[in-house]
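Sequences listed follow chains A and B, in order. Per my numbering, the first sequence starts with residue 708, numbered consecutively. Per my numbering, the second sequence starts with residue 84, numbered consecutively. C-beta atoms are modelled at their ideal positions from N, C-alpha and C, and glycine is treated no differently. Everything numeric in this text was worked out from a predicted model, so none of it was measured. Let me begin by presenting the structure, written as structure tokens, before commenting on it.
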Amino acid sequence: MWNWRITAACTLILILVMGAAVSFGPIHISFQQVLRTLLDLPSAEHGENRTVILQLRLPRVVLGALVGAALATSGAVYQTVFHNPLADPYLLGAASGAGLGATIALTSTHHNIASLLPVFAFLGGVLAVLTSFFISGKFFAEPNTLLLSGIAVGSFATAIQTYLQQRHSDALRPVYSWILGDLTSASWSVVSWSAIYIGFALAILFSVSKQLDGLMLSDEEAFSLGINPQRLRIFAVGAATLATATAVSASGLIGFVGIVVPHLVRGITRRVTNRSLVSVALVGASFLVLADLGARTLLSPAELPIGVITAFVGAPFFLFVLRSRRKANF
Amino acid sequence: MMTSGSITVTDLVVHYGERAILRDINVQIPHGQWTCLVGPNGAGKTTLLKTLLGMTPYAGSIQDRSQEVFKNQTRNIAFVPQSPSIPQGMSVSEYVMLGRSKKDGWGKESKKSRNLVKEILVQTALFGMHNSFVSQLSGGEMQRALIARALAQEPDLILLDEPTSALDLHHQIAVLNTIEILKERGVTIISTMHDITLAAMYAQNIIVMQSGKILLSGTADQVIHSPELKAAFDNRIDVFTLDTGRPVIVASKDFPINSQ
């Protein structure tokens, strides 16, 4: 049965974390003032602080939550579909494709194209995954073939990206900064289009999450239980890729969330990951909002790349969960 | 549950790429009985089993209750694979409950299903470990969990791929006795099996396959005592009859397995 208590606790944690993230920064604004401003109550902040809350921090926090939820959920789905605990959302070339798209935009001599970086990154990611599907043949008859073609397509895209970087050395810094991920470009317009795509993809994944149990079995067993395994895999991977490509185009490549969070939730809930997909999304959102809070406050006023924080915090935590899991033979 | 009639296979051919894995298969498999597919490795037993499930494309015809089986998910079938994928983080009772998914809907559990699963867990001696993870089960326990899930499906037809391979004799008998519960309920059972002696002990019908073709089929008694059985195994088996009348089939000592 669905453990609603865990989901409720994860929701509460996310709300608190988001509140704290809006409150903390180079200009400290109290939690109560943040709440008053958000709810537009009397004695809400005005002037500069109001702009900081509503136009700078809030869109960034909301985007962080969306990206974290997208990456964590996609990671959990990829791990289930590919029967591989190390699968991450970038597995099928989404990261390399998006990286290539972003590099093309950043190395372009036309300024107009550079401003279209998110679009280029999104198209690059989606095209790379579609190419992986196409090359694997039989449209996903065999998950391992798809996985291998994803690796090949990813390597090819990275090779072109490196070539372009070498040809345009002035673009090296912005490209690397993008590769390490950041949420500085967050604005309400980025938040709104990200929310549409990520919301749509997550709605699909949540709706099929219970059926994903069947993909943990062999295709023959799934078929006998009334599932069309090939169709469900295409559906699930398609939605997870849409969420990932949107996240990457909005915030660059943020590693580790897609692997750490599903394992973390599984370690805590001791349930099959896809049965706690909503909790995975909520924890992913909290994790990334916290990581971004660390990224912008630890060396304030300078900012650390968010990928550094996710790996710095995520890696030891992941090892801890892994060790406890091994002890429990889980 | 319907126990008369049969699954009718006519001129069946199955290809993997250019290679024909099954050729000219014509056979009738009776409903409500246990039929065993036997034969050497590579004979096409597992392919025939998966084709009967309806997942493998084929030429020819397989009719079950007047319906072609390919991609037909209206049939009530349970499939027990030889090497199952073990879902991480799933408890034994959740695993057995998967068998109710088609009836209850995914992620839902009716009260009837909960009671039935509890009953099945007791029946298959898994009740004490219902909260353990399936990844913690031994080979014999995992096989029982697979059969328990199949029982929970309340199937009309169960397909088992080598249900006793990799089990010691004690566990082989335990698993086969559990499958017999289904036979008593009138479920059609089709299994592949390497051990012809065990096949003769449990199944009513035996189909002997070699190189993608059916060499011999009939009741267990007819097939075991047929002179063609030895030919099917290149004369590398001996058939003995015990005082109890039970046949025992063993590899012939005079023809080492690796000799030509």
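B/G190 touches chain A at which residues, Cβ-Cβ below 7 Å?
K917
Is it the case that the Cβ atoms of B/T271 and B/Q116 are separated by a distance below 8 Å?
yes
If you count every other CB in all the chains shown that lies within 10 Å of the CB of B/M84, and 16 or more means buried, which is it?
Residue placement at B/M84 is poorly supported in this model, since its pLDDT is 43, which falls under 50; the coordinates are not used for a value here.
Answer with yes or no whether the minimum CB distance from B/K185 to chain A is below 8 Å.
yes
What's the C-alpha gap between A/S862 and A/Y870?
12 Å
Using a Cβ-Cβ cut-off of 6 Å (strictly less than) and excluding sequence neighbours within five positions of B/G88, which residues of its own chain qualify?
H114
Which residue's Cα is closest to the Cα of A/Q868: A/I911, A/G808, A/L919, A/L890?
Restricting attention to A/I911, A/G808, A/L919, A/L890, the CA atom closest to the CA of A/Q868 is found in A/G808.
Does the CB of B/M292 have a neighbour CB from chain A at under 8 Å?
no
Rounded to a whole number of angstroms, what is the C-alpha to C-alpha distance between B/T134 and B/F153?
8 Å
Using a C-beta to C-beta distance shorter than 7 Å, which residues of chain A count as neighbours of B/S168?
H790, M923, L924, S925
Quick one: residues in its chain with C-beta nearer than 7 Å to the C-beta of A/A692, no 5 flanking neighbours on either side, listed in chain order?
For residue 692 of chain A there is no data in the structure shown, the boundaries of chain A being 708 and 1037.
Quick check: the Cα distance between B/Q293 and B/D107, rounded to an integer number of angstroms?
12 Å
Specify the secondary structure class of B/V331 as computed by DSSP and reduced to three states.
strand
Does A/S914 come within less than 8 Å of chain B when only Cβ atoms are used?
no
Less than 8 Å between the CB atoms is what I'm expecting for A/T780 and A/L984, so what's the real figure, rounded?
6 Å
Run through chain B and tell me which residues come within less than 7 Å of A/R978, C-beta to C-beta.
G172
Going along the chain, which unbroken runs of the beta strand (DSSP E) with 3 or more residues stay wholly within the region 726-763 of chain A?
none
Taking C-alpha atoms, which residue in B/L281, B/H308, B/G222, B/P238 lies nearest to B/L136?
B/P238
So, is the C-beta of A/L932 closer than 8 Å to a C-beta in chain B?
Judged by the 8 Å Cβ criterion, A/L932 is in contact with chain B.
Do B/S176 and B/F216 count as a contact pair if the criterion is CB distance below 8 Å?
no
Give a yes or no on whether 8 Å exceeds the smallest Cβ distance from B/F323 to chain A.
No, no contact with chain A.
How many angstroms separate the CA atom of B/V96 from the CA atom of A/I858?
36 Å
For A/A777 and A/V987, I'd like the C-alpha separation in whole angstroms.
10 Å
With 16 as the cutoff for other CB atoms within 10 Å, does B/D304 come out buried or exposed?
Answer is exposed; the Cβ neighbour count stays below 16.
State the Cα-Cα distance for the pair A/L793 and B/H308, rounded to the nearest angstrom.
54 Å
Residues of chain B with CB under 9 Å from A/D999, in chain order?
The premise fails here: A/D999 is roughly 29 Å from chain B at the closest Cβ pair, so nothing lies under 9 Å.
Closer than 8 Å between beta carbons: that is the criterion. Which residues of the region 128-142 of chain B meet it against chain A?
K133, L136, G137, M138
Closer than 8 Å between beta carbons: that is the criterion. Which residues of the region 861-885 of chain A meet it against chain B?
Cβ contacts with chain B come from no residue of the region 861-885 of chain A.
Determine, using beta carbons only, whether B/M85 comes closer than 8 Å to chain A.
The predicted model places B/M85 with a pLDDT of 44, which falls under 50 and marks its position as unreliable, so this point remains unresolved.
Select from the region 957-988 of chain A all residues with a C-beta closer than 8 Å to any C-beta belonging to chain B, and list them in chain order.
Taking 8 Å as the Cβ-Cβ cut-off, the region 957-988 of chain A approaches chain B at R973, R977, R978, V979, T980, R982, given in chain order.
With a cut-off of 8 Å, does the C-beta of A/E752 fall near any C-beta of chain B?
no
Determine whether the Cβ of B/I203 lies closer than 8 Å to any Cβ atom of chain A.
No, no contact with chain A.
What is the rounded straight-line gap between the Cα of A/L1026 and the Cα of A/R973?
14 Å
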